[in-house]
Amino acid sequence: MSKNYPEFVIPQVAHRRYDPLMGDWIIVSPHRISRPWSGHVEVPHHNQFVEGCLPKTSPINPLSPGGIRASGIITPDYTSTYMFPNDFAALVNKTSRLFAIFVR
């Protein structure tokens, strides 16, 4: 890179960028591309489960009780409505620095 234009490094946390064409600030969340996806879609078999006999946990569903989520957290053995923390939230409360990138 030339000395007039330093190398542009994209931070891996949510940050703001200025859009000079629209004159607005936008929020960019590049870390969300880290979300896992196995690339496989499970096709249910006809009458695979009898009502009331669903498996307690499923190795292919990280949100089932006892499943391991992408963050490494084990899903608790819940028996009623459960609220999951978002492992890949677009905006986070804790950041090491606040980034404001001006693209000009």
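Oh and the sequence shown: position 72 is 139 in this note's numbering, straight run, nothing missing. Ideal Cβ positions, reconstructed from N, Cα and C, are used throughout, including at glycine.
Rounded to the nearest angstrom, how far is the Cβ of residue i from that of residue j, given a contact under 8 Å?
i, j, result
"residue 102", "residue 151", "With 8 Å as the limit, residue 102 and residue 151 do not qualify as a contact, their Cβ atoms being about 14 Å apart."
"residue 157", "residue 96", "4 Å"
Is it the case that the Cβ atoms of residue i and residue j are separated by a distance below 8 Å?
i, j, result
"residue 135", "residue 127", "no"
Could you tell me which residues DSSP puts in a beta bridge with residue i?
i, result
"residue 94", "83"
"residue 141", "135"
**Message:** Whether or not the stretch 139 to 149 and the stretch 82 to 96 are in contact is what I'm after, with contact meaning three or more pairs of Cβ atoms, one per stretch, closer than 8 Å; do they touch?
**Reply:** no
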